[in-house]
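As you go down the protein sequences, you meet chains A and B in turn. Residue numbering for the first sequence follows the numbering used here, starting at 1 and increasing by one per position. Residue numbering for the second sequence follows the numbering used here, starting at 1001 and increasing by one per position. Glycine included, each C-beta is placed from N, C-alpha and C at the ideal position. Because the structure is a prediction, the values reported are computed rather than measured. Single-structure report; data block below.
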Amino acid sequence: MLRCILNVLLREKDIMSSRPIYLYGTILVLAFCAIFFVSLMYQGLPQRVPVGVVDQDNSYLSRTAIKQMEALQGIEISHRYGSHHDARLAMQRGEIYGFIEFPEDLYKNTVNGLRPTVPVYYTEAYMIPGTLAYKCFYQLANVLNAGVRRTTMRAKGVPEADIMPQLQPITIDTHSICNPWTSYAIYLISIIWPGILSLCIIVMTVFTIGFELKNKTTPDLLEKAGGSIVNALVGKLLPYFLIYMLLGLSFVAFAYKVFGFPLLGPAWVMAINITLLILASHAVGLFLIGLFPVLRDALSAASLYSILALSMCGMTYPVEMMIGPMQGFAQIFPLRQYYLIYVKWAMLNSGIRDCWVNMLGMCVFLFLPFLILRRLKDAMVNLNYPTK
Amino acid sequence: MKKLRFAYLKDYLSELIGITWREIKTIFTDSGVLLILIIAGVGYPLLYSTVYLNESVDEIPVGIIDECGTSYSRGFASKIDATREVSLTSCINMEEAIGKMKKREIHGIVVIPKDFSKDIQTGKQTTVSLYVNMATFFIYKNIALACNYVMLAENKNISLRRLSADGLTEQEALQAAEPLRNKMTILFNEGNGFASFFVPGVLVLIIHQLLFLGIGMVSGTRREENAIHKVIQEGPHKKVQRYIWGQGFAYFLIYLIIGSYILILVPRLFGLPHYASAWDIYRLLVPFLLATIFFSQTCTVFIRNRETGMVMFLFFSVILLFLSGLTWPVSSFPAFWKWFSYIFPGTFGVQGYIKINCMASDFSVIMPEFFALWAQAIIYFITACFSYRYINKA
Chain A
1 MLRCILNVLL REKDIMSSRP IYLYGTILVL AFCAIFFVSL MYQGLPQRVP
51 VGVVDQDNSY LSRTAIKQME ALQGIEISHR YGSHHDARLA MQRGEIYGFI
101 EFPEDLYKNT VNGLRPTVPV YYTEAYMIPG TLAYKCFYQL ANVLNAGVRR
151 TTMRAKGVPE ADIMPQLQPI TIDTHSICNP WTSYAIYLIS IIWPGILSLC
201 IIVMTVFTIG FELKNKTTPD LLEKAGGSIV NALVGKLLPY FLIYMLLGLS
251 FVAFAYKVFG FPLLGPAWVM AINITLLILA SHAVGLFLIG LFPVLRDALS
301 AASLYSILAL SMCGMTYPVE MMIGPMQGFA QIFPLRQYYL IYVKWAMLNS
351 GIRDCWVNML GMCVFLFLPF LILRRLKDAM VNLNYPTK
Chain B
1001 MKKLRFAYLK DYLSELIGIT WREIKTIFTD SGVLLILIIA GVGYPLLYST
1051 VYLNESVDEI PVGIIDECGT SYSRGFASKI DATREVSLTS CINMEEAIGK
1101 MKKREIHGIV VIPKDFSKDI QTGKQTTVSL YVNMATFFIY KNIALACNYV
1151 MLAENKNISL RRLSADGLTE QEALQAAEPL RNKMTILFNE GNGFASFFVP
1201 GVLVLIIHQL LFLGIGMVSG TRREENAIHK VIQEGPHKKV QRYIWGQGFA
1251 YFLIYLIIGS YILILVPRLF GLPHYASAWD IYRLLVPFLL ATIFFSQTCT
1301 VFIRNRETGM VMFLFFSVIL LFLSGLTWPV SSFPAFWKWF SYIFPGTFGV
1351 QGYIKINCMA SDFSVIMPEF FALWAQAIIY FITACFSYRY INKA
């Protein structure tokens, strides 16, 4: 048996070195993605989101406010506009994600106790920068209010130590578990890279077997494997599995050890998690090519399926809030289980007790190929499916 | 002379229509291409819109540990509970709350400290702790938003009460507590919905990717069968250009229909933003389709087999989503990736579409995108000529 697997392995080595696509679909794509995401989001959270100012007051108060805005790290005043209309247009052009207006007579009305309104506009059409702009503006509005009140209180002789509790009796201390910097990069890369890894595995598994079916080289493969489909598939997929394992484990090592993405649970859970993801993705790929033993059909199905996983894993929009049928649909993606194991066990250190369902869910995928083994073998021997 | 020119034109057109017609026949008789170009084109927008059908994330379960246990702290908790975003479940202690969090029964924990009421009564500052997990961005954002909102409202109430107790009238108290009123207004996507933010951009990218993969598949098949030069040389003029026009025209026609369905009908069906008139959308769609088609034809040079296109460029859909500036703001792009993003018609397509359709912009606002797409269409037409000439020679 080992001899047969070795034969298939040697045969696969020749196939893999014959065309660049095998190198491309395994190492290059995933390396590119890693470089892309890390270099795109190296800031963690977008810094200096461009915002605008419409200052029709041009007073001591409005100028102080603008100075305070300039001190905020999250936003940057990129433009000043003469009117609301101009600022709104700039927002539509995508130059800014929010703006603040200081209306005429702001200072005068404040001093006179008329409580003037300082309107702030931000957009949620671009959710991340819009929300960041909102956060900074809210901070600013409070600082401004507090500034005016503090001046009044000091004038009245309120002791300095009593001022803060008066201004802000209740504060909220937000602890972002496992991501104290609320880094968007950590949040995103943790799932999106494994997502693309899973996508590549599914597509490559389908491709490498489907391509043999298409070129009618499967009888040769089976012969080298001593007539056993299991030997043939193990020998054929083993090199891919090893390459993906190497990549997956390096990802885990880099993310959780070198870059230090925080986890409350042990990091080895992520190593197991990614191993399961890789195995499950191979299994799904095998299942698809067994189900449609025609390269083009299986590949189309694999593409349409695997790209959906990134939406259905629930990292951006929670699965629990989707409509009923979609919640069920989400379960057919290994990435969904990967995500849950990551959140529950690795992030929150739940231990196996709250996670075994998801581990089991991953293992269910591993049984999928057994359903189509016979069908695939028939197709490999008889070559009775269309090749185009 | 005039007659001759007319004959040439007639000849040219009939040949063009011939190529277009043959391409349409190929598309509809090849099940793989049909699945990608037509069935996915109809189904995918429906699927994506259904996934995010519920738009907002409401009533997220959050645990509350009320260590204070007074009627005042319960009142504060019930205000958090009353927000649209959060629904509270009470927990006895941190251990129980963390246990529930691990089971994903709750997604955040609010801890009201023991001296909450006492501190406020005696004029000290008190701190409420909020524990949230950022593993789902939308949940994190909404819990934090709701708690902050309640805190600010409560702070204002406390100030007003204290000032009233000092003997100020209501008007005076308001002046002292909130000398400046701030008004936060969302412009565009006012409902703060996830679908309204995310799906429109995805719709444009669906067109981009399906066309790219579909054309790649058809051309890959022809190259594999060594038939591309045959197809090009069949006509009497052996002009590569004519083939590009003829082939492109077939996809253009089909995607004019599917594109109208995706960009005009789907947003209306699912209640997504749809500010732009059909005329404006067509003005954007035409250069976008041309640029995408010629771009895909250019890339044929890399696709030697029917299936390689899909293996090579599927993952790129995810990259394109980020390059379009939808999630990560363009202002925070490193220069290299910004320039890199200009290669793809999808970048300008997404930006243009969001600006006119979701942000109610006048068409004049998206002139940069409009011209960029036309420029891409022209450049990629030229590169497509080189690309096909190369394939033809090989």
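Does the separation of the CB atoms of residue i and residue j fall below 8 Å?
i: Arg1223/B; j: Arg1304/B; result: yes
i: Phe953/B; j: Ala1372/B; result: Past the edges of chain B, shown from 1001 to 1394, lies residue 953/B, and the structure says nothing about it.
i: Val1062/B; j: Gly1108/B; result: yes
i: Cys33/A; j: Phe1188/B; result: no
i: Phe1381/B; j: Ile1207/B; result: no
i: Leu222/A; j: Met380/A; result: yes
i: Ile1133/B; j: Ile177/A; result: It is Asn, not Ile, that sits at residue 1133/B in the sequence shown. Yes.
i: Ile372/A; j: Gly285/A; result: no
i: Val29/A; j: Asn231/A; result: no
i: Gly248/A; j: Leu197/A; result: yes
i: Phe1322/B; j: Leu40/A; result: yes
i: Ile189/A; j: Ala255/A; result: yes
i: Pro1345/B; j: Tyr126/A; result: no
i: Asn1155/B; j: Pro169/A; result: yes
i: Gly74/A; j: Leu132/A; result: yes
i: Lys216/A; j: Arg11/A; result: no
i: Glu1059/B; j: Pro1113/B; result: no
Near residue i, which residues of its chain fall below 6 Å by C-beta distance, leaving aside the five closest residues on each side in sequence?
i: Gln1209/B; result: Ser1317
i: Gln469/A; result: Nothing about residue 469/A can be reported from this structure: the residues present for chain A run from 1 to 388 only.
i: Phe1249/B; result: Thr1020
i: Ile186/A; result: Asn179 and Phe261
i: Ile1064/B; result: Ala1077, Leu1088, Ser1090 and Val1110
i: Leu1284/B; result: Gly1352
i: Leu238/A; result: none
Return the chain-ordered list of same chain residues with a C-beta closer than 7 Å to the C-beta of residue i, the five sequence neighbours on each side being excluded.
i: Gly1309/B; result: Leu1213, Gly1216, Met1217, Gly1220 and Ile1303
i: Ser1159/B; result: Ala1177
i: Thr123/A; result: Met91, Tyr97, Gly98 and Gly130
i: Ser1332/B; result: none
Since residue i and residue j should fall inside the 8 Å C-beta cutoff, what is the C-beta to C-beta distance between them, to a whole number of angstroms?
i: Pro1179/B; j: Asn145/A; result: 6 Å
i: Val206/A; j: Ala280/A; result: Not quite, the Cβ-Cβ distance comes to about 14 Å (not below 8 Å), so this is no contact.
i: Leu1205/B; j: Leu1320/B; result: 6 Å
i: Val1051/B; j: Asn1142/B; result: About 18 Å; that fails the 8 Å criterion.
i: Ile289/A; j: Ile229/A; result: Ile289/A to Ile229/A, Cβ: 12 Å. No contact.
i: Arg150/A; j: Leu167/A; result: 7 Å
i: Thr26/A; j: Tyr244/A; result: 7 Å
i: Met270/A; j: Tyr385/A; result: The pair is not a contact, with the Cβ atoms about 39 Å apart (cut-off 8 Å).
i: Met322/A; j: Tyr339/A; result: Met322/A to Tyr339/A, Cβ: 14 Å. No contact.
i: Leu140/A; j: Gln68/A; result: 6 Å
I'd like the list of long-range same chain contacts for residue i, defined as Cβ closer than 8 Å, with 5 residues on each side in sequence excluded.
i: Cys1147/B; result: Ile1080, Val1086, Val1110, Val1128 and Leu1130
i: Gln1278/B; result: Reading off the sequence shown, one finds Ala at residue 1278/B, where the question assumed Gln. Excluding sequence neighbours, Ala1278/B sits near Ser1260 and Ile1264.
i: His1274/B; result: Ile1264, Pro1267, Arg1268 and Asn1357
i: Leu1174/B; result: Leu1160
i: Thr110/A; result: Leu61, Pro116 and Val148
i: Ala1144/B; result: Leu1130 and Val1132
So the candidates are the options; which of them puts its Cα closest to the Cα of residue i?
i: Gln1171/B; options: Gly290/A, Gly113/A and Arg63/A; result: Gly113/A
i: Phe1252/B; options: Pro1287/B, Ile1281/B, His1274/B and Met1312/B; result: Pro1287/B
i: Ala253/A; options: Ala267/A, Val111/A and Leu304/A; result: Ala267/A
i: Thr1185/B; options: Ile66/A, Phe292/A and Thr117/A; result: Thr117/A
i: Gly1246/B; options: Lys1025/B, Arg1005/B, Phe1006/B and Ile1098/B; result: Lys1025/B
i: Glu974/B; options: Ser1387/B, Phe1386/B and Ser1341/B; result: Beyond the ends of chain B as shown, which are 1001 and 1394, falls residue 974/B; an answer cannot be given.
i: Glu1307/B; options: Phe211/A, Asp86/A, Met16/A and Glu104/A; result: Phe211/A
i: His79/A; options: Phe241/A, Arg48/A and Leu299/A; result: Arg48/A
i: Asn142/A; options: Gly1167/B, Glu1105/B, Ile1120/B and Lys1183/B; result: Lys1183/B
i: Ala161/A; options: Ala1165/B, Gly1123/B, Leu1163/B and Ile1139/B; result: Gly1123/B
Does the beta carbon of residue i fall short of 7 Å from some heavy atom of the ligand GDP?
i: Pro1329/B; result: For the structure depicted, the ligand GDP is absent and the ligand set is empty, with no information on it obtainable.
Residues in the stretch 140-161 of chain A having any Cβ partner in chain B nearer than 8 Å: Within the stretch 140-161 of chain A, the qualifying residues are Ala141, Asn142, Leu144, Asn145, Val148, Arg149 and Thr152.
Contact residues within the stretch 1338-1370 of chain B, judged by C-beta distance below 7 Å to chain A: Here the close residues are Gln1351, Ile1354, Lys1355, Cys1358, Met1359, Ser1361 and Val1365.
Contact set between the stretch 1172-1191 of chain B and chain A, restricted to residues whose Cβ is under 9 Å from the partner: Glu1172, Leu1174, Gln1175, Ala1176, Ala1177, Glu1178, Pro1179, Leu1180, Arg1181, Asn1182, Lys1183, Met1184, Thr1185, Ile1186, Leu1187, Phe1188, Asn1189, Glu1190 and Gly1191
Short-range partners of chain A found in the stretch 1134-1156 of chain B, where Cβ spacing is below 8 Å: Met1134, Ala1135, Thr1136, Phe1137, Phe1138, Ile1139, Tyr1140, Lys1141, Ala1144, Cys1147, Asn1148, Met1151, Leu1152, Glu1154 and Asn1155
Chain B contacts made by the stretch 328-349 of chain A, where a contact means CB separation under 7 Å: Val343, Lys344, Met347 and Leu348
Cβ-based contacts, 7 Å cut-off: residues of the stretch 1013-1026 of chain B near chain A: The residues in question: there are none.
Residues within the stretch 161-180 of chain A neighbouring chain B, beta-carbon criterion of under 9 Å: Asp162, Met164, Pro165, Gln166, Leu167, Gln168, Pro169, Ile170, Thr171, Ile172, Asp173, Thr174, His175, Ser176, Ile177, Cys178 and Asn179
Members of the stretch 358-379 of chain A that neighbour chain B once the beta carbon cut-off is set at 9 Å: none
Under 9 Å (Cβ pairs) to chain B, residues found in the stretch 278-304 of chain A: Cβ contacts with chain B come from Val294, Leu295, Arg296, Asp297, Leu299, Ser300, Ala301, Ala302, Ser303 and Leu304.
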